[in-house]
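Counted the way the numbering used here counts, the sequence shown spans residues 25 to 140. Glycine is no exception: its CB is placed at the ideal position from the N, C-alpha and C atoms. Only a predicted model underlies this, so the values are computations on that prediction, with no experimental measurement involved. First up is the structure itself, then whatever we jot down about it.
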Amino acid sequence: RLSPGADILFVEAPRSVEELRRVCSEASGVPHMANLLQGGLTPVLSQSELAELGFKLAAYPLDLLNATIAAQRRTLEALKATGQPSPGDTLPFGELTAFVGFDEYNAEAERYSTGE
Numbered sequence: 025r026l027s028p029g030a031d032i033l034f035v036e037a038p039r040s041v042e043e044l045r046r047v048c049s050e051a052s053g054v055p056h057m058a059n060l061l062q063g064g065l066t067p068v069l070s071q072s073e074l075a076e077l078g079f080k081l082a083a084y085p086l087d088l089l090n091a092t093i094a095a096q097r098r099t100l101e102a103l104k105a106t107g108q109p110s111p112g113d114t115l116p117f118g119e120l121t122a123f124v125g126f127d128e129y130n131a132e133a134e135r136y137s138t139g140e
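See the structure below:
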């Protein structure tokens with residue numbers, strides 16, 4: 025059992041399901057966190073599989089960056105080959121501008137406009 029005061033337990037890079045199981049069984053009394061990286065040392069399990077082992081949290085620290093890089097590569101390759109972005113890797117313009125906050129920015133700019 026861990027001493028009071030630990031908010032979470034994270035063990036760096038367990039290399040098998042058995043090691044993941046052992047982390048949870050040998051260190052009780054605090055929530056366990058798995059750190060999952062596609063291609064990393066720790067097996068990437070589903071949320072339900074992790075919960076069955078005793079994990080309460082899972083971090084996926086590079087998945088968004090990884091997906092972004094893959095989409096950027098596809099888009100650059102498509103632009104080079106066809107002059108158009110790759111289908112499915114771009115948002116409709118209105119969704120893009122709303123997501124990045126153009127509507128709020130434009131409303132704020134209007135608020136300070138002198139009308140000139």
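In angstroms, rounded to a whole number, what distance separates the CA positions of residue i and residue j?
{"i": "residue 114", "j": "residue 106", "result": "15 Å"}
{"i": "residue 99", "j": "residue 53", "result": "47 Å"}
{"i": "residue 38", "j": "residue 65", "result": "7 Å"}
{"i": "residue 91", "j": "residue 138", "result": "43 Å"}
{"i": "residue 152", "j": "residue 140", "result": "Past the boundaries of the shown model lies residue 152; the chain is included only from 25 to 140, so the question cannot be answered."}
{"i": "residue 104", "j": "residue 119", "result": "25 Å"}
Less than 8 Å between the C-beta atoms of residue i and residue j, yes or no?
{"i": "residue 102", "j": "residue 108", "result": "yes"}
{"i": "residue 44", "j": "residue 30", "result": "no"}
{"i": "residue 67", "j": "residue 32", "result": "no"}
{"i": "residue 23", "j": "residue 87", "result": "A query on residue 23 cannot be resolved here, the shown segment of the chain reaching from 25 to 140 and no further."}
{"i": "residue 83", "j": "residue 74", "result": "no"}
Is residue i helix, strand or coil when you go by DSSP?
{"i": "residue 51", "result": "coil"}
{"i": "residue 61", "result": "coil"}
{"i": "residue 82", "result": "strand"}
{"i": "residue 89", "result": "helix"}
Spell out whether any CB of chain B is found under 8 Å from the CB atom of residue i.
{"i": "residue 122", "result": "Any reference to chain B falls outside this structure, which holds one protein chain only."}
Between the region 60-79 and the region 37-50, do at least 3 Cβ pairs fall closer than 8 Å? yes
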